[in-house]
Amino acid sequence: MAYCPKCKSEYENGVMSCAECGIDLVADLAQFVEFVALTEIEAAQGEQLEKYLKYCGIKNIITEMLEENLLISVDKKELEMAKKHMQVYIYNTSIEEKQEGYIESEPEEKETDINYEKVSDFRSSAISFVVMGAIVFGFGIANLTGIIDIVTPIVKIILTVFGLALIGLGATTYKKLPGMEKHIMEREEERERIVIWYQANYPLDKFIEYKGINLEDKEEGALYFEIIEILKEDIVCEFPSSEKSVISEAAEEIFGKIPF
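Structural data, given as structure tokens:
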């Protein structure tokens, strides 16, 4: 006899799946699978996510239609792994949608891309604002106090106020620099941590063989993008909260360490 692990209906031998639940039967209810909810998602996306999870090796999946959304449940034992695969799916989907030129209704995570060149530009701008502001302010004050008198009264006031505004803008810009530099250091530390973790868990000298990558008849560009995507998927599973730019930089660095 065979049994449905969900509704526990009994079937004759030879029947492979439950007519009611649509899931595979088991020979013994001791093999009962405890299903827990993974996510509730828009139906079309849910169907693609279900296929992706099965492709990734999540064996026990059931779905239930809830009005316009699809409730996806998985074996409780596979829940954590399913969550990681789902994070990768969401990450890859967001990249594809950005490339196709549209954005989902949900707000996209804001990604910062601050580097030392931008910090240098900010510092130069801050200094320029302060210096220019001081010159304009000094010129305005000199006219207001009568040291020189070459502009109209209204222009004197405008120059003084504008000079103060430039000095204030420069000071505000300069105050942002420590935070930007701290952010850069944190990003570099995160990238380094990702690279160290990856090398510890995936020996790079066996990477091509371990990942089953076929090097034959592949252009260098196509091979590069294939490996980079594999690296990003692995990283996202372990570091789902990392910025996309950090993940990309780490993947690039790891790629450079892979022997071909």
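FYI, this note's numbering numbers position 147 of the sequence shown as 171, with every residue one higher than the one before it.
Glycine is no exception: its CB is placed at the ideal position from the N, C-alpha and C atoms.
Note that the coordinates shown come from a computational prediction; the quantities given were computed from them, not determined experimentally.
Through-space distance from residue j to residue i, alpha-carbon basis
i      : j      : result
Tyr35  : Ala106 : 29 angstroms
Glu114 : Ile251 : The sequence shown places Ile at residue 114, not Glu. Each residue's Cα considered, the two are about 19 angstroms apart.
Ile172 : His207 : 47 angstroms
Cys261 : Lys108 : 5 angstroms
Glu240 : Ser272 : 26 angstroms
Ile96  : Glu71  : 9 angstroms
Gly236 : Val270 : 26 angstroms
Glu74  : Glu92  : 16 angstroms
Glu88  : Ala67  : 10 angstroms
Glu130 : Thr176 : The predicted position of Glu130 is uncertain, since its pLDDT is 40 and thus under 50; a value taken from the coordinates is nonetheless stated next. Their backbone Cα atoms lie some 54 angstroms apart in a straight line.
Arg215 : Val112 : 18 angstroms
Met25  : Lys32  : 12 angstroms
Ala166 : Phe146 : 30 angstroms
Cys45  : Ile86  : 8 angstroms
Asp48  : Ile65  : 23 angstroms
Val143 : Lys268 : 20 angstroms
Phe279 : Tyr79  : 25 angstroms
Glu194 : Ile174 : Here the sequence assigns Gly to residue 194, which means Glu is not the residue at that position. Between Gly194 and Ile174, the C-alpha separation is close to 27 angstroms.
Option in the options with minimal Cα separation from residue i
i      : options                          : result
Ile82  : Met110, Glu66, Glu92 and Gln69   : Met110
Tyr234 : Ile182, Ile282 and Lys200        : Ile282
Glu257 : Gly162, Glu240 and Ala275        : Ala275
Val98  : Val179, Val175, Lys30 and Leu168 : Lys30
Ala51  : Cys45, Ala43, Asn37 and Glu64    : Asn37
Val160 : Ile259, Ile47, Lys142 and Lys180 : Lys180
Lys101 : Ala61, Glu244, Glu92 and Tyr248  : Ala61
Thr63  : Leu90, Met40, Cys42 and Ala43    : Leu90
Val277 : Leu255, Glu267 and Ser265        : Going by the sequence as given, residue 277 is Glu instead of Val. Nearest C-alpha to Glu277: Leu255.
Phe284 : Phe263, Glu253 and Tyr248        : Tyr248
Arg217 : Ala246, Ile259 and Gly170        : Ile259
Ala43  : Val57, Glu58 and Tyr27           : Tyr27
Leu183 : Pro202, Gly170 and Phe163        : Phe163
Where residue i falls: helix, strand or coil (DSSP)
i      : result
Glu130 : With a pLDDT of 40 at Glu130, under the threshold of 50, the modelled position of this residue cannot be trusted; read the value that follows with caution. Glu130: coil per DSSP, three-state reduction.
Phe59  : strand
Asn37  : coil
Ala287 : A query on residue 287 cannot be resolved here, the shown segment of the chain reaching from 25 to 284 and no further.
Ile86  : strand
Ile220 : helix
Glu64  : strand
Tyr226 : coil
Leu95  : strand
Ala26  : strand
Arg211 : helix
Ala106 : helix
Heavy atom of the ligand HEM within 8 angstroms of residue i beta-carbon
i      : result
Gly194 : The ligand content of the structure shown is nil, which means the ligand HEM is not present either.
With a threshold of 8 angstroms, are at least 3 pairs of Cβ atoms found where one atom belongs to the region 182–196 and the other to the region 215–230? Segments in contact, no.
Check whether the region 191–199 and the region 149–169 are in contact - that is, three or more C-beta pairs closer than 8 angstroms. yes
Inside the region 140–204 only - alpha helix (DSSP H) runs reaching at least 4 residues: List check, alpha helix (DSSP H) in window: 140–168.
List in chain order: all unbroken alpha helix (DSSP H) runs of 4+ residues lying wholly within the region 249–284. 268–281
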